[in-house]
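Contents: one structure, followed by commentary.
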Amino acid sequence: MKLILTADVTGLGGPGDIVEVKDGYGRNYLLPRGLAILATKGAAKQVEVIRRAQDTRRVRDLDHAKELKASLEGLGSITLRAKAASGSKKLFGSVTSSDVVSAVRAAGGPALDKRAVELAGHIKTVGQHSVNVRLHPEVTVALAVEVSAAG
């Protein structure tokens, strides 16, 4: 299935890229989420318009992403409280990207999109963890998240 991407898709490409994917992936994931459109003759003409718009936005977004990176690095370690078993370091459940976004906001940081937060697996223990935040395709920040037990 030939598609034109309308957004960044990890491991596949960026906006305006024409990609060939398996039918199920395109039909069940990319198209319903608005990440791609079918590659037709009319849509192929729109690729250039999409690319030009993305290039102008990317310059502004890159500068903004660098500002956000500086403010996130200035926060230092982010403290996040989660329910844990008494006398154990195991959490009830796990820490989600939404929890990390809320903790950054509570620490005085900028409002982030939870889809920008990349967790390296599930965080299910109390302690220090590293979390990546992808602000822009060229700008990624590594945050130190301190998970502590909340009664």
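So the sequence shown is numbered by my numbering: it starts at 6 and just counts up by one. From the three backbone atoms N, C-alpha and C, an ideal C-beta is built for every residue, glycine too. None of the values given here were measured: they were computed from a predicted structure.
Beta-bridge partners of Leu43 (DSSP): Leu8.
Counting along the chain, Val24 sits inside the beta strand (DSSP E) bounded by residues Ile23 to Glu25. Counting along the chain, Ser102 sits inside the alpha helix (DSSP H) bounded by residues Ser102 to Ala111.
Contact annotation: His141 and Asp22 have beta-carbon atoms that are not nearer than 9 Å.
Taking the C-beta atoms as reference points, Val14 is found nearer than 9 Å to Ala41. Just measuring C-alpha positions, the residue of Val131, Thr145 and Lys129 sitting nearest Ala121 is Thr145.
Taking every protein chain shown into account, the CB of Asp104 has 16 or more other CB atoms within 10 angstroms, so this residue is buried.
For Gly132, the uninterrupted beta strand (DSSP E) run begins and ends at Gly132 to His141, by DSSP.
DSSP, reduced to helix, strand and coil, places Ser91 outside both helices and strands of the structure shown, so it counts as coil. Distance from the CA atom of Gly16 to the CA atom of Val26, rounded to whole angstroms, is 12 Å. Using a Cβ distance threshold of 9 Å, Arg56 and Pro115 do not count as a contacting pair. In this structure, His127 is the residue among Gly29, Lys7, Glu53 and His127 with its C-alpha nearest to the C-alpha of Ser102.
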